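All remarks here apply to the structure that follows.
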Amino acid sequence: RDVAVTGVQTCALPILLDSGRLTDSSGMEVNLKNCHFFATTNVGASEQRSMGFKASDFKENFVSSIEGYFKPEFLNRFDDIIVFDKVTDNDTIDLIVNKELETIIHRVKDKTKIRSILFSKEIIALIREKGNTEKYGAREIKRVIEKLIFNPMIDFLASKKSIKKLQIQVENKEIKFSC
39 RDVAVTGVQT CALPILLDSG RLTDSSGMEV NLKNCHFFAT TNVGASEQRS MGFKASDFKE
99 NFVSSIEGYF KPEFLNRFDD IIVFDKVTDN DTIDLIVNKE LETIIHRVKD KTKIRSILFS
159 KEIIALIREK GNTEKYGARE IKRVIEKLIF NPMIDFLASK KSIKKLQIQV ENKEIKFSC
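In our numbering, each residue carries its 1-based index in the sequence shown increased by 38.
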């Protein structure tokens with residue numbers, strides 16, 4: 039079942055999309071006439087047996103699924119329906135892993151005195167292997183990084199006094215931290 043409440047689909051979004059403006063409780067108005075809106079859904083995902091990205095030949099069945107779920111008045115407000123292919127090539131997955139690792143690195147550097155955090159290429163391969171599952175696709179990467187890198191790194195840093203440089207490596211399929 040989709041997470042959007044029926045009232046949002048039938049009342050709030052049409053008003054927002056028709057008027058092109060949004061007013062908050064204090065009367066402040068925002069003009070949205072030159073904005074693009076993107077909506078996502080997992081309707082039809084169960085037929086593909088994976089959430090998120092879909093194979094391009096699945097579009098016809100997917101569109102049929104969402105037409106059966108959403109009212110035509112709601113769907114007619116969208117210019118197009120885009121179905122994304124499943125992420126399968128290692129280069130793209132590695133880009134996602136790198137982006138997520140960089141986010142973690144910036145979070146840690148902003149909150150600590152660490153100036154350099156280095157990780158080996160084996161880290162990326164390990165996260166790709168554990169984080170790109172058939173069931174969840176590449177969405178699992180962020181959770182795997184939290185579990186394998188971020189949480190243990192925080193524990194490691196809590197046990198040290200003053201670290202300026204942190205190295206993260208893989209040894210025997212396990213992640214090791216050193217300073």
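Beta carbons: idealized from backbone N, C-alpha and C, even for Gly. Fair warning: this is a prediction, and the values are worked out from it, not measured in the lab.
Contact annotation: Val125 and Ile161 have beta-carbon atoms that are not nearer than 9 Å.
Thr78 carries a coil assignment under DSSP once its states are collapsed to helix, strand and coil. Note on Glu138: 16 or more other CB atoms within 10 angstroms of its CB, so buried under the neighbour-count rule. Cβ-Cβ distances below 8 Å link Ser154 to Lys202, Lys203, Leu204 in the same chain, with the five nearest sequence neighbours on each side left out; the list follows chain order.
It is roughly 4 Å from the alpha-carbon of Thr61 to the alpha-carbon of Glu67. Across the structure, Ser102 and Arg177 are spaced so that their CA atoms are roughly 25 Å apart. Taking the Cα of Asp117 as reference, the smallest distance to any Cα among Thr150, Ile179, Phe75, Tyr107 is reached at Phe75. Pro52 is a Cβ neighbour of Glu111, given a cutoff of 9 Å. Following the DSSP letters along the chain, one finds Ser57 in no beta strand (DSSP E) but inside the alpha helix (DSSP H) bounded by residues 51-57. When the beta-carbon positions are compared, Lys159 and Gly169 stay at least 9 Å from each other. With 16 or more neighbouring CB atoms inside 10 Å of its own CB, Gly175 falls in the buried class. For Glu160, the enclosing alpha helix (DSSP H) starts and ends at 159-169. Separation of Lys151 and His144 (C-alpha to C-alpha, rounded to the nearest whole angstrom) is 12 Å. Taking C-beta separations shorter than 8 Å and ignoring five residues to either side along the sequence, the partners of Ile213 in its chain run Ile161, Leu164, Leu186, Ile187, Pro190, Ile206, Gln207, following chain order.
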